[in-house]
Each structure stands twice: as structure tokens, then as C-alpha cells.
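Let me begin by presenting the structure, written as C-alpha cells, before commenting on it.
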């Protein structure tokens, strides 16, 4: 390899490594921001995730790119952050919880210092937060007060009485029962929609099948009529030719007869004078 080519290859490898290093740093920053409690007007994380997408596309386009497993892991984490931002924009807590269930966090830690992937931690935190918000909506309580109550219970500042524990257990059972009823209702509605879709599909398939049969029969009849029309056209043409021949001979005979009659008439007329 020539020195110029070796220098160019070394520069390409260093550029790809620098791009991957910047991607990992920005990814760590985004994961840390996602794990923190943010204001609703916070816009930096969304911009950072957009920059992550651009850097990931540029990294995939590099000649000396990382292994496919590493790129898939980067894509998985970027998609998770993007889906989490989209879930936070939803209005209902139940929709947020449902959207959060479909998110797939990363499987490998971003840095060596992490034991558990940060995206998995963020996923668990967001799931707990959305569940708490949904429970607060069902019970009509303020979700901002629940963490303080949990901290008090953990620190033992005011020890819970058995009555409070029973009431909390009853409320939790009620919330779980309502949530289970809601899930059953949604499952029944989805099952009904699936059955309706299946019925409509079968009906449409039957109508399409009948239309295809009618169309095939119509095409067959059209072919038969076309063949009959060709046959009749040929017969009519032959008949027309025959009629023209007989008419021509008849006209010739009439002309000859008239010619002979005129000659005889001309010869006979002077003798009468």
C-alpha cells in the first residue's frame, strides 16, 4: 500500500471512530436526560435525539463502520428514545402506558460503567410513572403527592397504621380491578372488530368471487357471439356475392333482349310503310 493510500485509510478509520465516539457520548447524555425529571417545555432532548438519528445514518454510510450488531443496538436505543418522546406527547395516561409497553429498550449498556442498560432503567421508570398517573386519574388524586407519601412511608416519619394499610390495599385492588376490566373491555372490542373485519372480508371475497364468475361467463358469451358474428358475416358476404352474380346475368339478358327487340323493330317498321 502506498504511503498516500495508507494515510487516507488511517484518516477514514479515525473519522469513523470519532463519529462513533461522538454518537456514544451524545447517546449517554440523552439517556441521562431521559432518566431525569424534565419540564414539559424542555426541548433539548428532542433536538439531541434528532442529532442522534443524523449521526447514526452517517455512521451507517461510513466505509469502516462498526459491526451490524453494534449498529442494531444503536438503532434500538435511538428508536426507544424517539418512541419515549412521542409517548410523552400523548394526552391520556392510559395511552402513554400503552405506548410505553410497545417500546423496546436497549439490551447492552452504552458504557462499561453501566451494569444495566440505561434505556431499560428509563423504561421501567416511565412505566412506573405512567402507572401512577393512571391510578391517580382513576382515584381522582394528585400524582405529585404520591412520591412524598412513599418517601414518608419508607423513612418511617409517620408510621402507617393497619387501617391505612387495609385502605391502601383496598384502593390498590380497586385500581387493579378497574384496570383489568378496562383491559377486558378493550380485548372484547378488539375481538369484536376482528370478527367484524373477518365477516366483511369473507363477504367481500364472496362478492368478488361471484363477480369473477359473472365476468368469466360474460367473456365466454362475448367470445361465442363474436364467433357466431364472424360466421354469419362470412355467409352474408357469400350470399351477397351470389346475389350480385345472378343480378348481373339477369341484367345482361334483359339488355340483350332489348337490343335484339330494337333491331327487329327497326327492320320491321319500314316494310309497313
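Numbering (UniProt numbering), first residue to last: 1 to 273. For every residue, glycine included, the Cβ atom is placed at its ideal position computed from N, Cα and C.
* Decide yes or no for the touch test of the stretch 17-32 against the stretch 68-86: beta carbon pairs closer than 8 Å, at least 3 of them. => yes
* Asked: In three-state DSSP terms, what is residue 231?
  -> helix
* Asked: Which residues in the same chain have their Cβ closer than 7 Å to the Cβ of residue 128, if we skip the five residues on either side of it in sequence?
  -> Around residue 128: no qualifying Cβ.
* To the nearest angstrom, report how far apart residue 20 and residue 39 are at their CA atoms. => When rounded, the separation of the alpha-carbon atoms in residue 20 and residue 39 is 30 Å.
* Excluding the five sequence neighbours on either side, which residues of its own chain have a C-beta within less than 6 Å of the C-beta of residue 190, listed in chain order? -> none
* Rounded to a whole number of angstroms, what is the C-alpha to C-alpha distance between residue 69 and residue 123? -> Residue 69 and residue 123 have their C-alpha atoms roughly 21 Å apart.
* Asked: Roughly how many whole angstroms lie between the Cα atoms of residue 206 and residue 200?
  -> 10 Å
* Asked: Is the CB-CB distance between residue 35 and residue 121 below 8 Å?
  -> yes
* Can you give me the start and stop residues for the alpha helix (DSSP H) that residue 44 sits inside? => 44-61
* Measuring alpha carbon to alpha carbon, tell me which of 62, 81 and 18 ends up nearest residue 50. => 81
* Asked: If residue 59 sits next to residue 23, beta carbons under 8 Å apart, how far is it from one beta carbon to the other, in whole angstroms?
  -> 6 Å
* Anticipated Cβ contact below 8 Å, residue 116 with residue 73, distance rounded -> Rounded, the Cβ-Cβ distance is 15 Å, inconsistent with contact.
* Which class does residue 36 belong to by DSSP, given the choice of helix, strand or coil? -> Coil, per DSSP.
* Please say whether residue 134 and residue 187 have beta carbons closer to each other than 8 Å? => no
* For residue 193, which residues of its own chain have a beta-carbon under 8 Å away from its beta-carbon, when the five flanking residues on both sides are left out? -> none
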